[in-house]
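> In short: position in the sequence shown from 1, add 624, done, that's the working numbering. Starting off with a structure, shown below.
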Amino acid sequence: MVRDTAFKRVIDAQSLAENQEKKKVRTSLYASDYGNCMRKVFFQFFPAEYGAAVIDARTARVFSNGNAVHERLGGYLAKDESLNFIAEVPVPRDDLDVHGRCDGIAAVDNRFTIVEFKSINSKGVTEPKEAHEGQLMFYLHMFKVSQDRLREEFGIAEGLVWKKEDFEGVLSSKGRQFSELDRIEQRLLLSEGVPAGELVYEQKPNQGVAGFPIAYDELTAEKVMAWFANVKKHVDEKRCPEVHYAKSSFPCRWFGSRCEFYEQCYGPDGA
Ligand code: SF4
């Protein structure tokens, strides 16, 4: 039995307070929404109509721990100068206005490489989760679109790789010089190939780390973008998405816990 001590009470209260502070009313989609229950994402846009249950202190700390893992693993990569690591990079947006911030970018074999960290409750991850792969594919797609635009702006023929010195004296079709670009744009232009990615899992039970390189794939990227377009359409039309989950299994209910919108879907008694 867990004892209710003075310190535990403070830790629980502060965990909940921190979680509440971070909660904002939704105005846009996030890249990390990919693969979640579409209806859950939809509900978050309309808190007045679809109120969420307050999560418990333990769950609040699980979320907080996920953020701490990103900072710690990113810190390791930043210490290796050869990677030229930049943490927390905003991801370009298009008309869907999906907000995203990848955990970091680095130069691996002279290629623009995106890293995404995840902590997972498993002792041995053997393959990446589809939702995480989709999130990373979204990043890869958006950075590739930016890279294509930049290469077109500077008139770089397909298949060619320009070194920094090749840009000397070159003015882009928008009248920009290489030195006027921000550091992310410069990295995209100097990348040998389209952006690549890697999902890095830290296994909570044993602190093991497993990495999975993810290559850009047009079909997967199309699927991911279509998923976001579908959710956005439902939000714009204020139309609750149809979903087909069993009420007794994930993502509705798991290990003695349940989705914060469970009552919205199944009623107060889960009937
Ligand atoms: S209870 Fe299930 S169906 Fe309803 S929002 Fe949550 S995850 Fe989605």
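Quick reminder that beta carbons are idealized off the backbone N, C-alpha and C, glycines included.
Taking the C-alpha atoms as reference points, what is the distance between residue 740 and residue 821?
8 Å
> Assuming residue 731 is part of the alpha helix (DSSP H), what are its boundary residues?
For residue 731, there is no enclosing alpha helix (DSSP H); the enclosing beta strand (DSSP E) covers residues 725-732.
> Quick check: does the Cβ of residue 663 come within less than 7 Å of any heavy atom belonging to the ligand SF4?
yes
> The ligand SF4 heavy atoms versus the CB of residue 867: any closer than 7 Å?
yes
> Name the DSSP bridge partner or partners of residue 737?
Residue pairing by DSSP places residue 737 opposite 730, 820 in a beta bridge.
> Do residue 667 and the ligand SF4 come close, with the Cβ less than 7 Å from some heavy atom?
yes
> Is residue 886 close to the ligand SF4? I mean its beta-carbon at under 7 Å from any heavy atom of the ligand.
yes
> Along the chain, where does the alpha helix (DSSP H) that runs through residue 780 open and close?
No alpha helix (DSSP H) contains residue 780, which DSSP labels as neither H nor E.
> Taking DSSP's pairing of strands, which residues face residue 746 in a bridge?
Partner(s): none; residue 746 has no beta bridge.
> Checking the sheet assignment: what are the DSSP bridge partners for residue 771?
Paired residues: none, contrary to the question.
> When DSSP labels each residue in this structure, what does residue 679 get in the three-state scheme?
coil
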